[in-house]
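Each residue of the sequence shown is one higher than the one before, counting from 104 in our numbering.
The beta-carbon is built from N, C-alpha and C at its ideal position, and this holds for glycine as well.
See below for the structure under consideration.
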Amino acid sequence: MTQEHPFGWGLIGASTIAAEHMIAALRAQPGHAVVAVASRSAERGRAYAERHGIARSTDSVDALLADPDVNAVYISTTNELHREQVLAAAAAGKHVLCEKPLALTLDDALAMVQACRDAGVVMATNHHLRNAATHRRIRDLVRSGAIGKPLYARVFHAVYLPPHLQGWRLDQPQAGGGVILDITVHDADTLRFILDAEPVEAVGMTQRAAMAREGLEDGVMAVLRFDNGVLAQLHDAFTVKHAGTGLEIHGEQGSIVGRNVMTQQPVGEVVLRTADGERSIPVEHESLYVRGVAAFCAALRGEGPPAATAEDGVRSLATALAVVEACRTGTTARVATPLI
Ligand code: NDP
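This is how it looks when you write it as structure tokens:
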């Protein structure tokens with residue numbers, strides 16, 4: 104890896120998330136460059152490449168994967184495409200950073216993990232919230248026993264889907280739309296990270312208010328039971344403009360309150376409340392996406408796992424799918440324990 108021969112990234116998907124966060128995060132890694140983008144539309148791909156200063160564009164994922172300058176791919180297409188694209192990338196020997204939800208079914212997600220293992224390439228899931236300084240501080244507090252045994256968690260992740268994203272998420276079930284696969288999957292991953300525990304059961308109810316169509320939900324309230332006994336309450340929506348976000352962990356000896364922490368931005372505050380009173384916890388904010396890609400690059404060098412592994416992506420998907428099932432049936436759904 105030199106200045107003439109950087110570690111090359113190929114983008115699969117001319118997406119908003121790549122434009123708004125990930126191209127910059129990839130370029131922030133020393134010795135790394137974004138060398139090509141694949142879009143289903145040659146014309147849009149060309150315009151996207153030009154807009155973002157990417158040297159090559161193609162309308163063929165195979166062509167991108169055949170490019171010897173591409174060492175790894177970042178996959179941020181709509182969710183139904185992730186499976187075939189990860190399988191193709193693995194077959195081509197390219198490392199894979201894939202967006203969440205990894206796939207639409209657990210079997211598909213497991214096939215993706217297995218393909219990358221068999222090919223000996225690194226695969227990770229882009230669950231950005233684990234990289235937030237706020238969530239890492241909350242995790243440290245829980246682990247250090249600051250609140251005693253954790254009993255409850257509450258996640259406030261009801262937001263307003265910005266107009267430029269009001270597309271497939273709202274009317275394409277076949278593309279993995281709906282708030283549960285979009286947002287609840289992040290809540291699941293963040294809680295798994297903070298609590299070091301796995302969800303085992305889910306109940307929930309969805310709402311279809313002003314936005315979603317075609318049987319999709321644009322809001323959900325759900326409860327998860329974790330294998331350490333914690334009950335977690337989740338509120339996720341696309342339709343709420345002024346709620347603000349947050350995450351709370353309540354334990355036998357204290358409570359941790361994170362405000363404005365379920366976000367893509369490096370912002371938010373953490374407060375610890377115990378018998379000693381209320382204390383603001385210092386947090387050194389940094390870009391969630393730059394940190395996530397840095398962890399992926401370290402994993403490529405054999406220095407530890409990525410921030411969210413492929414297996415984390417599978418387990419967080421299993422949780423989101425259990426919420427979907429619980430809401431559909433109106434009963435308690437078991438979270439599948441995938442064989443990974
Ligand atoms: P976009 O809708 O911006 O992009 C998804 C696909 O839609 C692109 O691959 C592109 O297809 C197509 N597309 C984009 N813009 C247009 C357009 N103007 N006209 C026609 N087609 C278009 O989705 P997002 O960037 O919001 O999400 C992509 C993935 O990233 C999803 O899996 C999502 O869940 C995930 N995501 C993750 C986030 C995170 O923080 N981890 C945040 C946001 C999204 P093509 O490639 O063929 O051009």
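*Do residue 441 and residue 213 have their CB atoms nearer than 8 Å?*
Here residue 441 refers to the residue found at position 338 when the sequence shown is read from its first residue. Here residue 213 refers to the residue found at position 110 when the sequence shown is read from its first residue. Yes, these two residues count as a Cβ contact at 8 Å.
_Buried or exposed (CB count within 10 angstroms, at least 16 for buried), residue 145_ = Here residue 145 corresponds to residue number 42 of the sequence shown, with the count starting at 1. It counts as exposed.
*Reduced DSSP category for residue 272 - H, G, I as helix; E, B as strand; rest coil*: Indexing the sequence shown from 1 puts residue 272 at position 169. Looking at residue 272 - three-state DSSP - the assignment turns out to be helix.
*asked:* Any contact between the region 345 to 359 and the region 250 to 258? By contact I mean 3 or more CB pairs, one from each, below 8 Å.
replied: yes
*By the 10 Å Cβ neighbour count, where 16 or more other Cβ atoms means buried, how is residue 331 classified, buried or exposed?*
Translated into positions along the sequence shown, residue 331 becomes position 228. Exposed.
*asked:* Just to confirm before moving on: does the CB-CB distance between residue 282 and residue 322 stay below 8 Å?
replied: Within the sequence shown, residue 282 is the residue found at index 179, counting from 1. Within the sequence shown, residue 322 is the residue found at index 219, counting from 1. Result yes, Cβ atoms of residue 282 and residue 322 sit closer than 8 Å.
_C-alpha distance - residue 304 paired with residue 262, whole-angstrom precision_ = Counting from one through the sequence shown, the residue named residue 304 turns up at place 201. Counting from one through the sequence shown, the residue named residue 262 turns up at place 159. Their Cα atoms are separated by approximately 25 Å.
*With distances taken Cα to Cα, identify the nearest neighbour of residue 221 among 240, 150, 192, 242.*
Here residue 221 refers to the residue found at position 118 of the sequence shown. Ranking 240, 150, 192, 242 by Cα distance to residue 221 puts 192 first.
_Identity of the residues DSSP links to residue 310 by a beta bridge_ = Here residue 310 refers to the residue found at position 207 of the sequence shown. In DSSP, residue 310 forms a bridge with 322.
_Contiguous alpha helix (DSSP H) assignments of at least 4 residues, all confined to the region 140 to 168_ = DSSP runs (the alpha helix (DSSP H)) wholly in the region 140 to 168: 145 to 154.
*Is the number of C-beta pairs between the region 202 to 219 and the region 131 to 148 that are closer than 8 Å three or more?*
As far as the Cβ criterion goes, the region 202 to 219 does not touch the region 131 to 148, which means the pair count is below three.
*How many whole angstroms separate the CB atoms of residue 205 and residue 175, which I take to be in contact at a CB cut-off of 8 Å?*
Here residue 205 corresponds to residue number 102 of the sequence shown, with the count starting at 1. Here residue 175 corresponds to residue number 72 of the sequence shown, with the count starting at 1. That belief does not hold up - the Cβ atoms of residue 205 and residue 175 are roughly 17 Å apart, past 8 Å.
*asked:* Could you give the first and the last residue of the continuous beta strand (DSSP E) run that contains residue 384?
replied: Counting from one through the sequence shown, the residue named residue 384 turns up at place 281. Residue range 380 to 384 is occupied by the beta strand (DSSP E) that includes residue 384.
*Would you list the residues sitting across from residue 377 in a DSSP beta bridge?*
Along the sequence shown, one-based indexing puts residue 377 at 274. 357, 380, per the DSSP bridge assignment.
*In terms of residue numbering, what span does the alpha helix (DSSP H) encompassing residue 238 cover?*
Your numbering for residue 238 matches position 135 in the sequence shown. Looking at the DSSP string, the run of the alpha helix (DSSP H) that includes residue 238 is 236 to 246.
*By DSSP, does residue 411 sit in helix, in strand, or in coil?*
Within the sequence shown, the letter at position 308 stands for residue 411. Note: residue 411 maps to coil in three-state DSSP.
*For residue 369, which residues does DSSP report across the bridge?*
In the sequence shown, the residue the question calls residue 369 occupies position 266. Partner(s): none; residue 369 has no beta bridge.
*If we count the other Cβ atoms within 10 Å of its Cβ and call it buried at 16 or more, is residue 277 buried or exposed?*
Within the sequence shown, numbered from 1, the residue matching residue 277 stands at position 174. Label assigned to residue 277: exposed.
*Whole-angstrom Cβ separation of residue 483 and residue 411, contact assumed at under 8 Å?*
Here the chain has residues from 104 to 443 only, and residue 483 is not among them.
*In the DSSP assignment, find the beta strand (DSSP E) that holds residue 337 and state where it starts and stops.*
As a first step, residue 337 is located in the sequence shown; it is residue number 234 there, counting from the start. From DSSP, the beta strand (DSSP E) with residue 337 extends over 334 to 340.
*Is it the case that the Cβ atoms of residue 362 and residue 349 are separated by a distance below 8 Å?*
Here residue 362 is taken as the residue at index 259 of the sequence shown, counted from 1. Here residue 349 is taken as the residue at index 246 of the sequence shown, counted from 1. Yes, Cβ-Cβ distance for residue 362 and residue 349 is below 8 Å.
*Taking buried to mean at least 16 other C-beta atoms within 10 Å of its own C-beta, is residue 415 buried or exposed?*
Translated into positions along the sequence shown, residue 415 becomes position 312. Label assigned to residue 415: buried.
_Among 183, 292, 336, nearest to residue 59 - alpha-carbon criterion_ = As displayed, the chain neither begins before 104 nor continues past 443, which places residue 59 out of reach and without an answer.
_residue 445 CB to nearest heavy atom of the ligand NDP below 7 Å_ = As shown, the chain starts at 104 and ends at 443. That puts residue 445 outside it, with no answer to give.
_For a test of the three-state rule: what should DSSP assign to residue 395, helix, strand or coil?_
Within the sequence shown, residue 395 is the residue found at index 292, counting from 1. It is helical.
*residue 331: beta carbon under 7 Å from a heavy atom of the ligand NDP?*
Indexing the sequence shown from 1 puts residue 331 at position 228. False, no ligand heavy atom lies under 7 Å from that Cβ.
*asked:* For a test of your reading of the model: does the CB of residue 372 fall under 7 Å from any non-hydrogen atom of the ligand NDP? Yes or no.
replied: Within the sequence shown, the letter at position 269 stands for residue 372. Here the distance from the Cβ of residue 372 to the nearest heavy atom of the ligand NDP is not below 7 Å.
*asked:* Going by DSSP in three states, residue 305 sits in which element: helix, strand or coil?
replied: Position 202 of the sequence shown, counting from 1, holds the residue named residue 305. Reduced to three states, the DSSP call for residue 305 is strand.
_Can you tell me whether residue 206 is helix, strand or coil according to DSSP?_
The residue labelled residue 206 in the question sits at position 103 within the sequence shown. Residue 206 falls in the coil class under three-state DSSP.
*Output the distance between the C-alpha atoms of residue 406 and residue 443, rounded to the nearest integer angstrom.*
Sequence index remark: in the sequence shown, residue 406 carries index 303 (1-based). Sequence index remark: in the sequence shown, residue 443 carries index 340 (1-based). Answer to the nearest angstrom: the Cα atoms are 21 Å apart.
*Return the bridge partner residues of residue 201 from the DSSP annotation.*
On the sequence shown, position 98 is the one that residue 201 refers to. Residue 201 is bridged by DSSP to 178, 228.
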